[in-house]
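Using the working numbering, read the sequence shown as starting at 58 and increasing by one per residue. All residues carry an ideal CB built from backbone N, CA and C; glycine is no exception. Just so we're clear, the structure is a prediction, and the values are computed from it rather than from any experiment.
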Amino acid sequence: SLDKALAEFHKAAEEDPKDTRTWLKIAEINVRRGAKQEAIDTYLKTADLYTEQGFFQRAVAVYNNILKLAPGYVDAHVKLAGLFK
């Protein structure tokens, strides 16, 4: 079940809050559950982590995931522009 998987990934994220792979899984599960805003919030967190860690290309990919879910999401456009700058 997606809810059980989500709970397990949240436990893993508590243990290692900087693990971007875990946050990406949480976002993907939220997309499958239809929880669009939760997915966007998690993708934003993940992109910020990638940026902090210096993985700018990965951050760009995550912002693009956000824009697929919500093409008019201004924060994603602004942060994406900042990365390209």
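In chain order, what residues of the same chain have a beta carbon less than 8 Å from the beta carbon of N121, not counting five sequence neighbours either side? For the purposes of this step, residue 121 is taken as residue 64 along the sequence shown, with counting starting at 1. Contacts found: L137.
Does DSSP put F66 in a helix, in a strand, or in coil? Position 9 of the sequence shown, counted from the first residue, corresponds to residue 66. Residue state for F66 is assigned as helix, using DSSP reduced to three classes.
Answer with buried or exposed for V119, where buried requires no fewer than 16 other C-beta atoms within 10 angstroms of its C-beta. Stepping through the sequence shown from its first residue, residue 119 is reached at position 62. V119 comes out buried.
Run through DSSP, which three-state label would Y100 get? Position 43 of the sequence shown, counting from 1, holds the residue named residue 100. Helix at Y100.
Do L126 and Y100 have their CB atoms nearer than 9 Å? Numbered from 1 along the sequence shown, position 69 holds the residue referred to as residue 126. Numbered from 1 along the sequence shown, position 43 holds the residue referred to as residue 100. Result yes, Cβ atoms of L126 and Y100 sit closer than 9 Å.
Compare the Cα-Cα distances from L140 to each of F113, I123, A70 and G129 and report the closest residue. As a first step, residue 140 must be located in the sequence shown, where it is residue number 83. With respect to the C-alpha of L140, the residue from F113, I123, A70 and G129 having the closest C-alpha is F113.
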